[in-house]
Each structure stands twice: as C-alpha cells, then as structure tokens.
Amino acid sequence: VVLRPGDCRFASAGDDGIVVVWNAQTGEKLLELSGHTQKITAIITFPPLEACEEKNQLILTASADKTVILWDCDTGGRQVRKVSCFHSTVKCLTILQRLDVWLSGGSDLCVWNRRLDLLCKTSHLSDTGVSALIEIPKSCVVAAVGKELIIFKLVAPTEGSLEWNILEVKRLLDHQDNILSLVNVHDLSFVSGSHVGELIVWDVSDWTVQACERNFWTQLDTQQEIKLCQKPNDISIHHFTWDEENVFAAVGRGLYVYNLQMKRVIACQKTAHDSSVLHIARLP
C-alpha cells in the first residue's frame with residue numbers, strides 16, 4: 001500500500017506478521033513493524049486529519065491474531081494503539097473519510113473512530129466472517145458475507161440520538177458461491193466476484209444487477225486447457241482493478257478484461273501464472 005500521494009514510501013505485509021516500510025525509489029527497507037503474532041490479513045492508510053497540526057502518516061493493520069494495530073510511520077514505526085477485543089480474525093478494513101470513521105470486518109462488522117473507540121457494531125454475521133468491504137453513497141457500505149452481499153447504513157449521532165448505529169438495509173442473493181472480491185467502479189457501479197467465477201456488476205444507487213458474467217469456465221476452448229485447469233480454485237475471482245472502460249479480473253491462474261459497456265470479456269490470458277493470481281494493479 002502506498003502511504004500517501006507523492007510519498008516515495010510504501011508498506012508491505014505478509015504471513016510472518018511483520019509490516020515493512022520501503023523506499024519505492026531505492027528499494028531500501030526503512031522500517032520493520034513488529035507487533036502481530038500471526039499473518040496480516042488487511043492493511044490500509046489513515047489519511048491525516050485536516051484539523052490536526054500533526055500530519056503524521058498512520059497505517060492500520062489487521063491480523064489473524066484477532067488484533068488491529070495503528071502505527072505511526074513518521075516516528076520510527078511507533079505503535080500508537082492496539083485493539084484486542086475481536087472474537088475472530090479481522091479480514092478487511094475500510095475508511096469512511098467523510099464520516100471520519102473506519103470499519104473492521106470479521107464475524108461481525110464494527111465501526112470505530114480515529115482514536116480506536118468502538119462506536120457500534122452489528123450482531124454476529126457469520127463464522128466465516130466478512131471477506132470484503134467497500135463504501136457506497138448515502139452513508140452505506142457493502143459487506144461480502146459468504147454468498148451474500150449485505151448493504152448496511154451508518155447513522156451518525158444527531159440531537160435526538162447521541163449514539164452511532166449501523167443498520168442492515170438489504171441482502172443481495174445473486175451469487176451462487178462465496179464472494180472473494182469486491183470493488184467500486186467509477187461512481188456508478190460496484191463489482192463482485194465469487195469462488196466459482198461469477199462476476200456481477202451492480203448499480204451503486206439502487207443495488208440492482210447491471211450485468212453478469214459466468215463464462216470464464218466455458219471460454220477454455222481446448223480439452224487440454226480444460227484438463228490443465230480443473231483445479232479447485234482455478235476459476236475463483238480473487239481480485240479486481242479497473243479503468244474508465246474495463247474491469248480487470250484475476251480469475252484462477254489467468255487475467256481477464258471485462259468491458260463494462262459491451263458487457264462481455266474482450267481479452268484474456270488464461271494461464272498468466274503457474275498458480276492462482278491473488279492480486280493485480282493497474283500501472284499509471
């Protein structure tokens with residue numbers, strides 16, 4: 001993850017539970033942040049508070065050790081605070097900058113302020129937990145929980161109620177298997193991908209299906225390719241990125257380009273890697 005626009009530093013994290021901050025220009029290791037005891041499952045940057053004089057770069061990490069840690073990368077990687085009240089692995093983190101809160105997704109969905117105080121949380125959602133989480137308009141978020149996408153609305157304190165609340169609004173049940181990936185596309189749509197290779201494009205305002213692609217398997221055009229690709233995870237959609245016209249999907253060992261206007265796959269490299277592609281990024 002890049003620390004901030006124009007910053008030459010970026011951070012990486014892995015199964016060893018360690019976060020490393022690097023100089024992107026020289027490749028030099030700048031910091032090594034040790035505090036987690038198991039693999040790191042999520043990492044995000046904290047944008048500086050506009051009202052705060054100190055604009056130190058903060059990052060937030062979650063781990064399979066059921067903790068979340070806030071780090072200060074501008075003071076030698078100081079551990080600002082650690083939260084250890086989770087009952088399961090936190091698999092995803094996201095910031096709602098307009099509301100100045102952040103969310104953690106595990107067996108439930110929790111809402112926190114910047115001081116890492118718990119504001120509110122949902123009831124228990126699933127033993128498997130929230131696998132992905134994105135913000136959408138109208139103070140809402142989409143959480144991927146098993147085969148379902150659940151829309152939640154955040155309610156900020158008012159004169160009548162001094163407490164935060166998070167309310168379930170709707171469940172989207174169009175996927176046939178567990179959802180692994182979720183991404184916003186422009187301001188109009190979001191896209192979800194499942195374990196069995198379903199790609200669904202959703203309208204961000206009314207949450208209806210705009211398009212659906214389930215043909216990654218049938219596009220294998222020779223018996224030899226089908227034989228090679230019959231592995232449990234070979235059509236799982238693990239990650240997305242996008243540009244103005246297309247969604248780029250990591251599907252099994254391959255890479256696919258899905259055109260949003262034409263509503264179909266326009267290019268693919270079915271065996272881009274020797275193993276499952278877990279992450280892709282579009283270069284500037």
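Sequential numbering of the sequence shown, starting at 1, is according to full-length UniProt numbering.
Ideal Cβ positions, reconstructed from N, Cα and C, are used throughout, including at glycine.
- A distance below 9 Å separates the beta carbons of D203 and L188.
- Beta bridge pairing from DSSP links N259 with N246 and R264.
- The C-alpha of T94 lies about 6 Å from the C-alpha of W102.
- Note on geometry: alpha-carbon atoms of D174 and E32 lie some 42 Å from one another.
- For the options G35, I200 and V169, the alpha carbon positioned closest to that of F240 is the one of I200.
- By the neighbour-count definition (other C-beta atoms within 10 Å, threshold 16), L119 is a buried residue.
- Counting the other Cβ atoms within 10 Å of the Cβ of G14 gives fewer than 16, which makes it exposed.
- Beta-bridge partners assigned by DSSP to A42: A62.
- In the three-state DSSP reduction, K82 falls in the strand class (E or B).
- In the structure shown, T37 falls within a coil segment according to DSSP collapsed to helix, strand and coil.
- Taking a 10 Å sphere around the C-beta of I266, we find fewer than 16 other C-beta atoms and assign the residue as exposed.
- Here A11 carries a strand assignment [DSSP, helix/strand/coil].
- As the crow flies, the alpha-carbon of A144 is around 33 Å from that of C8.
- The region 119-137 and the region 103-110 touch, with three or more beta-carbon pairs separated by less than 8 Å.
- Minimum Cα-Cα distance from S194 among the listed residues T208, D177 and D206 corresponds to D177.
- With fewer than 16 other beta carbons inside 10 angstroms of its own, N23 counts as exposed.
- Going by DSSP, V204 is part of no beta strand (DSSP E) at all; its letter is neither H nor E.
- When only Cα atoms are considered, H273 and I237 end up about 14 Å apart.
- A direct Cα-to-Cα measurement between N184 and V142 gives close to 10 Å.
- About 10 Å separates the Cβ atoms of K39 and A62, ruling out a contact at the 8 Å cut-off.
- For Q210, the secondary structure class from DSSP, reduced to helix, strand or coil, is strand.
- Proximity to R81 across L70, S88 and D74 peaks at L70, based on C-alpha coordinates.
- A check of alpha carbon separations from E148 across L167, G6, S126 and T158 identifies S126 as the nearest.
- Counting along the chain, the unbroken beta strand (DSSP E) around E168 starts and ends at N165 to L172.
- With contacts defined by Cβ atoms closer than 9 Å, V169 and F216 do not form a contacting pair.
- A156 and I136 have their C-alpha atoms some 16 Å from each other.
- G17 places its beta carbon less than 9 Å from that of G35.
- Of the residues assessed, R264 falls on the exposed side of the cut-off, its CB having fewer than 16 other CB atoms within 10 angstroms.
- Residue pairing by DSSP places T241 opposite F248 in a beta bridge.
- The beta-carbon distance between V247 and V196, rounded to whole angstroms, is 18 Å. This is too long to meet the 8 Å contact definition.
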